[in-house]
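Comments concern the structure below.
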Amino acid sequence: MTTTTTGSRALTAPAVRAVALEKSYGDGDAAVRPLRGLSIDFDAGRFTAVMGPSGSGKSTLMHVLAGLDAPDAGQAFIGRREITGLPEKQLTRIRRDHIGFIFQAYNLVPSMTAEENILLPGRLGGARADRGLFREITGRLGLSARLGHRPFELSGGQQQRVAVARALVSRPDVIFADEPTGNLDQATGAEVLGLLRAAVDEYDQTVIMVTHDVQAASLADRAVLLADGALAGDLQAPDAGRLAAAMLEVTR
Amino acid sequence: MNPIATANLRSGGRRLFAAGAAVAVAVAFVVAALLMVDSFSRTMRVQAQAETAGADLVVSLQDGADPAGDPVPDEALAQRLQDQPGVASAQALRNAYAEGELGGQPAMLRLSEHPGHSTSPLVSGALPHAAGEAVLTEDTARVYGIGPGDEIVVEAADPAVTGQPVAPETQQDDPGPARYIVSGIVEGSSPYARAYLTPAGMDRLPVEAWPESIRIVLDGEAHGDPAAQTAVQQDVAAVLAAATGQEIAAMGVQGTGIGEQLRVQTGEQIVEARMQDLTGQANVLAGVLAAFGAVALFVAALVIANTFQVLVASRTRTLALLRAIGAARRQLRSAMLLEGLVLGALGSIAGALLGYLAALGLGLAAGRFWQFELEPVAPTFAAFVAGPAVGVLMTVAACLLPAHRATTVTPMAALRPADVEPARRRVSWLRLSAGVLLTAGGFAATVLGGMRHEMLPAAGGAIAGFLGVLVLGRLFIPPMVRALGLLLAGPGRFSRRGALPRLVAQNARQVPGRTTATTSALLIGVTLVSTMTIGAASAQASLERELAQRLPLDMAVGFAGADAGDVSRVLDGSGLVTAEVLLPGAAEEARSGETQVPVTVLAPEPGAAETAQVMRRTTALPDPGTALVAPATLQEGDEVELAGRVLDVEPAGWLPAGTIVLNPADAAGLSFSEDAGQLWVRVPDDAGSGELGRLTAQLGEHTEVVVAEATLLRASYAPLIDTVLLVVLALLGAAVVVAVIGIGNTLSLSVFERRREAALLRAVGMSRGGVGGLITLEAVLMAVVALVLGLAAGALFGWAGISSVFQAEAVPVVLAVPWDRVAMIGVAALGAAALASLLPARALSRTSPAAGLSVD
Ligand SMILES: Nc1ncnc2c1ncn2[C@@H]1O[C@H](COP(=O)(O)OP(=O)(O)OP(=O)(O)O)[C@@H](O)[C@H]1O
Ligand SMILES: [Mg+2]
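Protein sequence lines correspond, in order, to chains A and B.
The first sequence begins at 1 in my numbering and counts up by one.
The second sequence begins at 1001 in my numbering and counts up by one.
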């Protein structure tokens, strides 16, 4: 639903930026620090994979960058806009208008049909959906016949595709996906990944995806590796082999 | 429409049903009450109009005037008005009340002269012409099922039934009943049986008829003309003033006053004056109904708030997801409020219809069962707009807090792993301090109000205190349920028997909110009902004690000149004697000052078991040196000289005239005999006034001295208290129905929350019956807690309520707990809880073990 033109996503300005992010839970011995002074830029119009061992802070980073959670210190930017410290109202508007989400599970409002779920962000913003885009995306995702169904009538893969459609139809600047294929079989997983790829290639959106799967990550333009809340690796145009090696390195 | 609200309503559907029903019941109550009040006041207007039917001016007694005084609107005055210019006729009407029979059924009758000018059309038959003829109003004829040709019997006033001692003179000229034949039926309605007679018929009445009014009809054109009425009103007033030598005074709708006794009113003024009177009454009625309506609405609001609280809890994940993808707080809040609005509107519409039907039914029932004919219930703007509006407002207001809670869900809540909720928030400071303040302040005000006999602080305090208990419920209700569960489980961690109660106990800790909500719903119902029950019982016990204080003896039967055999036959035959004692008496002369009177002296032994059984308070008997003296026995003085002894006088209103009671220590030397004695009798507490009246009348045929004032008093107020209690309980019915809907509601809502839990229990090997039993046991334990708390609160409120109504000096209040009724409340509460748990228990026990694994 954005009216932003491709031009405004100048390569010079990163679409998403993290500066010295700090986040910790608990005190003393029990304290966990999922983010330890993490700084990272995500370029606009690119597909970035975020990898790292379990508990390394990937999800926490995504939440902070997407304005779902506040860091203890540091800054997060969406485009040129700093979102850390923004009042809740404006943050909500930024999430609605500029950010899309795909979670691992619980992506959909159970009482709404697939179609309503897909159109929800636009309706919350009061904007009319682009019917053409809606038809095209649902068609490509093979959802055309299932639009009237409620989430519990859909398979896990179909639910995930509905979530992807939602993230695509409202055309947010940035799509965050936290292990979007973790639940899916190989074929469906590949389809979802293909769509994310298409979002970048065809619609010029920015995609940031957390994954444990090196095959999935190898579809990205870039892969960053996290370990203990800090950046531990950064690969451009990664392939599965190099990623696996880097992962081994980090885990050790 | 708001897309979130649409989706919410879709998913809320079944869960909202109970809340909608609660709204409907509460609104129905309000609407029915408004319609009934409207019908009531219209009825009064119609009756007032019927009373004056056809008369232009009415001369009658002022309020508070003495009907036996002078002047009264009688035939003599009517004659003087008859010749006034402009007056076509002036008829003096008399009026009488009597007991009698209509078509064989006992009835309280109002009898008056038929106004010759009456415009009430004949429905059937003919107007009365002979002294033995009467016409009835249409309502009276219908209620008693009689018509032309049937008989009316008018009884002579029966002194026995009125409780007065039978004086021999009035017994002799008992005129016996008068009989009339119904000649026709006229249109009209009245709250009592009404018959019109001819003047000669009035003369035949065996009871006294009082001059009631003079009805004046104006000549020709002037008849029915307000200007002419007012003009002649002044002339008539002047004539009356001249005739009686009194001053004229304008009295507004009361017309024109002549001195202290008479007034002249136009027909219009009479109706208006009557309506002004009645508006007061109708306002009281409306106030009482409004209070109960408020209770019903309040309970419904709690049910709704509960429902939405549970809905918010069950939607947390969805709400968080909505927040994550950009729904503003405002949007979530308005979606929730919109949901409440729709619910409130639907519930209110259903409620308005329900209330209309209920009012129609009540109107019919009033005519059929209470013989009180009301104007037909008609939809009014107020009832159909105000009632539903209040319902909608209440529903939306009840949603405010849950709606606010919905907006506090963070987007992160969507991302937490399912069901691993962090420990529930503690009770907030605000809530805690508000609760403590309300509870402490409220209860303090209640106790103070009760002790100082002030109603406002007692009632206000009770409401505030109870609200406080509800607010604080979260703190102590779950631990109580938990303690009960553990108590039931007994020791032994893994005993099979204790497994269910132990689970209940754990649940109470795990979901304190739900436990509190369910228990609160029941708590409200139990508190309301037990307050009323205990209050009524306390009122009764207090009056009882007061009565025993003043009137320690039920009945004293004198033997002087009577045949003891006859008296005991009557007494034995009545079945009304629980204990009796024959006290020998001594006929003596008592001297006080200059006078000397014959008296009967009794000297019962205060310590004797027989005396104790008969008397309600033996401490009423005199100490040595004191004499109890019946009123009007001695003329003066606080000392009496009796058989050479001088004794202090203590008046005792409960003794038959001419009786003196001594302590046995003072009675030495007197010669007692049974013939001169009295029979003291105790009758059952629940003896009715009818049977007592019969007994005193029968006894009166054999002997002269009968006192049964205490028993008659007791008999007269016992049914009153019972009736009031019954009416109040019926009114409370609406609130209680809503409360029961409330428990059912929270329990069934819990089904949605608990599917996963039930599936898990089934998966780890619990039987279906076990799962169902768990729910029922939980409900029952919560009911026990609600009972304990509700009865305690009810005892306090009941005592405070009664104590604040009574004046301390008049009746010291005692707290009485009617255990049989309390037991009934207990059974009802446990039953309601078990019943309400049946459906949810069934639903949950059918959960398949796999259900726990599926997501949403
Ligand atoms: N709400 C919370 N309270 C306490 N600790 C938390 C919370 N959320 C995350 N953590 C901790 O922060 C650390 C990082 O968590 P995060 O979810 O970011 O890891 P992750 O890299 O996404 O792991 P995974 O690959 O398993 O999803 C973990 O050690 C986790 O236990
Ligand atoms: Mg994660």
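Idealized CB from N, CA, C, for every residue including glycine.
(1) Quick one: residues in its chain with C-beta nearer than 7 Å to the C-beta of residue 1352 of chain B, no 5 flanking neighbours on either side, listed in chain order?
(2) Just checking my contact of residue 1857 of chain B with residue 1834 of chain B at CB under 8 Å: how many whole Å lie between their CB atoms?
(3) Do residue 1179 of chain B and residue 1207 of chain B count as a contact pair if the criterion is CB distance below 8 Å?
(4) Mind listing the chain B neighbours of residue 109 of chain A? Cutoff is C-beta to C-beta under 7 Å, in chain order.
(5) Give the residues from the stretch 1327 to 1339 of chain B that approach chain A closer than 9 Å (Cβ to any Cβ), ordered along the chain.
(6) Quick one: any contact between the stretch 82 to 98 of chain A and the stretch 119 to 133 of chain A, if contact means 3 or more CB pairs under 8 Å?
(7) Find the residues of chain A that neighbour residue 1010 of chain B, judging by a C-beta separation of less than 7 Å, and give them in chain order.
(8) Could you please tell me which residues of the stretch 121 to 133 of chain A, in chain order, have their CB closer than 9 Å to any CB of chain B?
(9) Any idea which residues DSSP pairs residue 77 of chain A with across the strands?
(10) Using the three-state DSSP reduction, which class does residue 1179 of chain B fall into: helix, strand or coil?
(11) With H, G and I counted as helix, E and B as strand and the rest as coil, what does DSSP make of residue 1325 of chain B?
(12) Could you run through the stretch 1811 to 1834 of chain B and flag, in chain order, every residue whose CB is less than 8 Å away from some CB of chain A?
(13) Run the proximity test for residue 59 of chain A: is its beta-carbon closer than 7 Å to any non-hydrogen atom belonging to ligand 2?
(14) Does at least one heavy atom of ligand 2 sit under 7 Å from the Cβ of residue 1390 of chain B?
(15) Please find out if some non-hydrogen atom of ligand 3 comes closer than 7 Å to the beta-carbon of residue 32 of chain A.
(16) Specify the secondary structure class of residue 4 of chain A as computed by DSSP and reduced to three states.
(17) Residue 214 of chain A: which of A:205, A:206, A:248, A:136 sits nearest, CA to CA?
(18) Is residue 1798 of chain B close to chain A? Criterion is C-beta to C-beta, closer than 8 Å.
(19) Compare the C-beta of residue 226 of chain A against all C-beta atoms of chain B and say whether one is closer than 8 Å.
(20) When you measure from the CB of residue 56 of chain A to every non-hydrogen atom of ligand 1, does any distance come out below 7 Å?
(21) Using a C-beta to C-beta distance shorter than 7 Å, which residues of chain B count as neighbours of residue 23 of chain A?
(22) Compute the Euclidean distance between the alpha carbons of residue 1814 of chain B and residue 1795 of chain B, then round it to the nearest angstrom.
(23) For residue 1019 of chain B, count neighbouring C-beta atoms within 10 Å of its own C-beta (all shown protein chains included) and say buried if the count is 16 or more, exposed if not.
(24) Please compile the residues from chain A whose C-beta is within a distance smaller than 7 Å of the C-beta of residue 1411 of chain B.
(25) Just list the alpha helix (DSSP H) runs in the stretch 123 to 177 of chain A, keeping only unbroken ones of 4 residues or longer that don't cross its boundaries, in chain order.
(26) Can you list the residues of chain B that residue 188 of chain A reaches, using a CB-CB cut of under 8 Å?
(27) Would you check if there are 3 or more beta carbon pairs closer than 8 Å linking the stretch 1667 to 1677 of chain B to the stretch 1688 to 1701 of chain B?
(28) Counting pairs of Cβ atoms below 8 Å between the stretch 1289 to 1307 of chain B and the stretch 1521 to 1533 of chain B, do you hit three or more?
(29) Please name the residue, chosen from B:1792, B:1775, B:1827, B:1086, that lies closest to residue 1837 of chain B on a Cα-to-Cα basis.
(30) What beta strand (DSSP E) runs, 3 residues minimum, are completely inside the stretch 1076 to 1116 of chain B?
(31) Counting pairs of Cβ atoms below 8 Å between the stretch 10 to 29 of chain A and the stretch 177 to 194 of chain A, do you hit three or more?
(32) Can you say whether residue 1140 of chain B is buried or exposed, counting buried as having 16 or more other CB atoms within 10 angstroms of its CB?
(33) If you run the structure through DSSP and keep just helix, strand and coil, what is residue 35 of chain A?
(34) Are there 16 or more other CB atoms within 10 angstroms of the CB of residue 1827 of chain B, so buried, or fewer, so exposed?
(35) Taking the alpha-carbon positions, what's the residue 1649 of chain B to residue 1620 of chain B distance?
(36) Measure the alpha-carbon distance for residue 1300 of chain B versus residue 1739 of chain B and round it to whole angstroms.
Working from what's here:
(1) 1027, 1031, 1384, 1387, 1388
(2) Chain B is shown from 1001 up to 1856; residue 1857 of chain B falls before or after that span and cannot be answered.
(3) no
(4) 1007, 1318, 1321, 1322
(5) 1327, 1328, 1329, 1330, 1331
(6) yes
(7) 111
(8) Answer in chain order: 121, 123, 124, 125.
(9) A:17, A:82
(10) Correct three-state label for residue 1179 of chain B: strand.
(11) Residue state, collapsed to three classes: coil.
(12) none
(13) Yes, Cβ of residue 59 of chain A sits closer than 7 Å to a heavy atom of ligand 2.
(14) Distances taken from the Cβ of residue 1390 of chain B to the heavy atoms of ligand 2 include none shorter than 7 Å.
(15) As far as ligands go, the structure on display features ligand 1 and ligand 2 and does not contain ligand 3.
(16) The pLDDT assigned to residue 4 of chain A is 39, lower than 50, so where the model puts this residue is not dependable, and the model offers no usable value.
(17) Taking only the C-alpha atoms, the option nearest residue 214 of chain A is A:248.
(18) no
(19) no
(20) yes
(21) Those do not exist, as residue 23 of chain A stays about 12 Å from chain B at its closest Cβ, beyond 7 Å.
(22) 11 Å
(23) buried
(24) 68
(25) 131 to 140, 156 to 169
(26) Result: empty, since nearest Cβ-Cβ is about 17 Å, beyond 8 Å.
(27) no
(28) yes
(29) Each of B:1792, B:1775, B:1827, B:1086 was checked against the Cα of residue 1837 of chain B, and the nearest Cα belongs to B:1775.
(30) Fully enclosed beta strand (DSSP E) runs of 3 or longer: 1087 to 1102, 1105 to 1113.
(31) no
(32) buried
(33) Looking at residue 35 of chain A - three-state DSSP - the assignment turns out to be strand.
(34) Residue 1827 of chain B should be labelled exposed.
(35) When rounded, the distance between both Cα atoms is 13 Å.
(36) 7 Å
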